[in-house]
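If you count the sequence shown from 1, position 64 lands on 64 in the UniProt record's numbering, and the numbers rise without skipping.
Beta carbons are placed, not taken as given, at the ideal position from N, Cα and C, and that holds for glycine.
The model shown is predicted, which means the values in this text are computed figures rather than measured ones.
Encoded as structure tokens, the structure appears first; notes follow it.
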Amino acid sequence: MTSTEREIWNTRECAEAWGVKTGTWLSYVSRGQAPQPLPDKDERGGNRWDAEEVRRFPRPGAGRSRSGAGPRAEALLAEMRETAARMEELRSRQRTLLMAGRRQGLEILAMSRALGISRQTAYSWLAGSEDGDPRP
């Protein structure tokens, strides 16, 4: 291959380079998570890809950013993080209310129902409280 020729890969070679099955590779391509094939087909009518583009393309998968992730996706992820933080605040408030209820002698079943948690969760939260005793 000369310096002006580019390396061209078929579907199998692309899949091998990414360490996936050919069906997975084609799924990535169809979802825009892998480079689109070159416009011209091989001698059997199959798709072809520029090997360098395949190597450089951001790979999808666990722990990796999806190629389609842009400002809208980042905004959605930020909203998810904000929601998770609010949920943690609410869980903390639930624990505080549970401890207060226990100090006032309320029953576990009534408190767990009021808080929307299981009795097991209530008992485990109380067991982790400062005094370690879930009983009043």
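Under the three-state DSSP convention, the category residue i falls into
i	result
Ile108	helix
Straight-line Cα distance separating residue j from residue i
i	j	result
Glu13	Thr96	58 Å
Ala51	Arg6	8 Å
Gly19	Glu43	25 Å
Leu90	Ala17	46 Å
Glu88	Ala15	41 Å
Gln33	Arg81	24 Å
Arg86	Gln36	40 Å
Leu126	Gly23	51 Å
Pro136	Pro60	Confidence at Pro136 is low in this model, with a pLDDT of 46, below 50, so the placement of that residue should be treated as unreliable; the coordinate-derived value is given next. Looking at the two C-alpha atoms, the distance is approximately 52 Å.
Arg72	Gly105	49 Å
Lys41	Trp25	17 Å
Leu98	Gly128	12 Å
Ala100	Arg56	57 Å
Glu74	Leu38	30 Å
Pro58	Glu107	55 Å
Glu79	Glu53	33 Å
Val29	Lys21	13 Å
Integer Cβ distance of residue i from residue j, believed to fall under 8 Å
i	j	result
Gln94	Leu76	Their Cβ separation, rounded to whole angstroms, is 27 Å, which puts Gln94 and Leu76 out of contact at 8 Å.
Leu109	Arg119	6 Å
Cβ-heavy atom distance, residue i to the ligand ATP, below 7 Å
i	result
Ser124	Absence of the ligand ATP from the depicted structure is noted, as is the absence of any ligand whatsoever, leaving it without description.
Per-residue burial, residue i [other beta carbons within 10 Å of its own, 16 or more giving buried]
i	result
Ser112	buried
Ala122	buried
Test: residue i CB closer than 8 Å to a CB of chain B
i	result
Arg91	Included in the structure is just one protein chain, with no chain B present.
The region 6-24 touching the region 37-56, judged by at least three CB pairs closer than 8 Å = Yes, the region 6-24 is in contact with the region 37-56.
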